[in-house]
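Numbering-wise (this note's numbering), the sequence shown opens with residue 1464 and increments by one.
The beta carbon of each residue, even a glycine, is placed where N, CA and C say it ideally should be.
Shown next, in structure tokens, is the structure this report addresses.
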Amino acid sequence: MKASRASVVVAVLALVAAATADDRSDRSKLIRPLYPYGVFPGLLSKPNVKAELKVTSAQEPAIEASLKKWRDGFVHEVEHGKPIDFYAIEQKNFDGMMDLLGKSLDAQQMKRLKQLILQSAGMELFEHQEIRDALHLNDGQVANLKKVHGQLLHEISGGGKGKYSKEEVKKLFGALMKGVPEKVRAALNEDQRQKLQELIGDQFSFQ
1464 MKASRASVVV
1474 AVLALVAAAT
1484 ADDRSDRSKL
1494 IRPLYPYGVF
1504 PGLLSKPNVK
1514 AELKVTSAQE
1524 PAIEASLKKW
1534 RDGFVHEVEH
1544 GKPIDFYAIE
1554 QKNFDGMMDL
1564 LGKSLDAQQM
1574 KRLKQLILQS
1584 AGMELFEHQE
1594 IRDALHLNDG
1604 QVANLKKVHG
1614 QLLHEISGGG
1624 KGKYSKEEVK
1634 KLFGALMKGV
1644 PEKVRAALNE
1654 DQRQKLQELI
1664 GDQFSFQ
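In structure tokens, the structure reads:
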């Protein structure tokens, strides 16, 4: 096995172990903001994302100005004498950026942008309480979704050894890290699948 492919497979195996292990994760994850810092430059700088959002040339300057504001930050002061709440700052930055983008992007563009942001969280989406509440998911159901996802990862690692080329492994691995695969969605009931579809929309290829 070549070193480059070995590194990909090692990464996959590590994620398989994490996905299939007992859920010992810090429950504080459930109160983290859904939107990680850096998500906007990561998405809005990609040509395929702009094409998906149907960004026009007239909208480009406003998006660039919004990204500059995002890098500068929307929160510049914290209350003296109190611990810094990084999650609250992260949320305020996100809300400020969405408000700013909403002045130049239309409602449909904003809806799809939020769907892509949620997809970018991958399976971590189900670690957030607001998603669990929206889909009426309990811990056991989340564990089952992770199990299905872990099996998919296993198929492209040790379980599928020699079945896929290096490029196929990279492509499949990338697809499993973003969004919610169809086989995972199939583990939800009909109402949950419909609600998830409303939240994250059709699967987008981030590659």
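Quick one: is serine 1520 buried, meaning 16 or more other Cβ sit within 10 Å of its Cβ, or exposed? The residue given as residue 1520 occupies position 57 in the sequence shown. Its Cβ having fewer than 16 others within 10 Å, serine 1520 is exposed.
My output table needs one value for glycine 1664: the three-state DSSP class, helix, strand or coil. For the purposes of this step, residue 1664 is taken as residue 201 along the sequence shown, with counting starting at 1. Correct three-state label for glycine 1664: coil.
Reduced DSSP secondary structure (H/G/I, E/B, other) of asparagine 1652: Residue mapping note: residue 1652 aligns to position 189 of the sequence shown, counting from 1. Residue state for asparagine 1652 is assigned as coil, using DSSP reduced to three classes.
Whole-number beta carbon distance between leucine 1651 and leucine 1659, since they are thought to touch under 8 Å: The count along the sequence shown starts at 1 and reaches residue 1659 at position 196. The count along the sequence shown starts at 1 and reaches residue 1651 at position 188. Cβ atoms of leucine 1659 and leucine 1651 come within 8 Å of each other, at about 6 Å.
Buried or exposed for valine 1541, going by 16 or more other Cβ atoms inside 10 Å? Taking the sequence shown and counting its residues from 1, one reaches residue 1541 at position 78. Classification of valine 1541: exposed, given that the 10 Å Cβ count is below 16.
Alpha helix (DSSP H) runs wholly inside the stretch 1622 to 1646, at least 4 long, in chain order: Listed in chain order, they are 1629 to 1640.
Can you name, in chain order, every residue of its own chain whose Cβ lies under 7 Å from the Cβ of valine 1512, other than the five neighbours on each side? Along the sequence shown, read from residue 1 onward, the residue named residue 1512 stands at position 49. Result list for valine 1512: Leu1506 and Leu1579, in chain order.
According to DSSP, is alanine 1584 part of a helix, a strand, or is it coil? Against the sequence shown, residue 1584 aligns to sequence position 121. In this structure, alanine 1584 counts as coil in the three-state DSSP scheme.
Leucine 1576 - DSSP class collapsed to helix/strand/coil: Along the sequence shown, read from residue 1 onward, the residue named residue 1576 stands at position 113. Leucine 1576 falls in the helix class under three-state DSSP.
What does a CB cutoff of less than 8 Å around methionine 1573 pick up in its chain, not counting 5 residues either side in sequence? By one-based count along the sequence shown, residue 1573 stands at place 110. Closer than 8 Å at the Cβ level, and outside the excluded window around methionine 1573, lie Met1561, Leu1564 and Gly1565.
For alanine 1570, which three-state DSSP category applies? Here residue 1570 is taken as the residue at index 107 of the sequence shown, counted from 1. The answer is helix: DSSP assigns alanine 1570 an H, G or I state.
Comparing alpha-carbon positions, which option in Gly1642, Phe1557 and His1599 lies nearest aspartate 1665? For the purposes of this step, residue 1665 is taken as residue 202 along the sequence shown, with counting starting at 1. Here the closest residue by C-alpha is Gly1642.
Can you round the beta-carbon distance between phenylalanine 1589 and leucine 1608 to whole angstroms, since I take them to be within the 8 Å contact cut? Stepping through the sequence shown from its first residue, residue 1589 is reached at position 126. Stepping through the sequence shown from its first residue, residue 1608 is reached at position 145. Approximately 6 Å separates the beta-carbon atoms of phenylalanine 1589 and leucine 1608; this is inside 8 Å, confirming the contact.
If the criterion is Cβ atoms closer than 8 Å, does the pair leucine 1576 and leucine 1662 meet it? Taking the sequence shown and counting its residues from 1, the one referred to as residue 1576 is at position 113. Taking the sequence shown and counting its residues from 1, the one referred to as residue 1662 is at position 199. No, the Cβ-Cβ distance between leucine 1576 and leucine 1662 is not below 8 Å.
To the nearest angstrom, how far is it from the Cα of glutamate 1527 to the Cα of proline 1510? Locating residue 1527 in the sequence shown gives position 64, counting from the first residue. Locating residue 1510 in the sequence shown gives position 47, counting from the first residue. Roughly 13 Å between the two C-alpha positions.
Output needed for phenylalanine 1669: all residues of its chain with C-beta closer than 6 Å, excluding positions within five of it in sequence on either side, in chain order. Taking the sequence shown and counting its residues from 1, the one referred to as residue 1669 is at position 206. Closer than 6 Å at the Cβ level, and outside the excluded window around phenylalanine 1669, lie Lys1641.
Suppose the cutoff is 8 Å on Cβ atoms and the five residues either side in sequence are ignored; what does the same chain contact list for leucine 1530 look like? For the purposes of this step, residue 1530 is taken as the residue at position 67 of the sequence shown. If you ignore the 5 residues before and after leucine 1530, its C-beta comes within less than 8 Å of the C-beta of Phe1503, Pro1504, Leu1507 and Ser1508, all in its own chain and listed in chain order.
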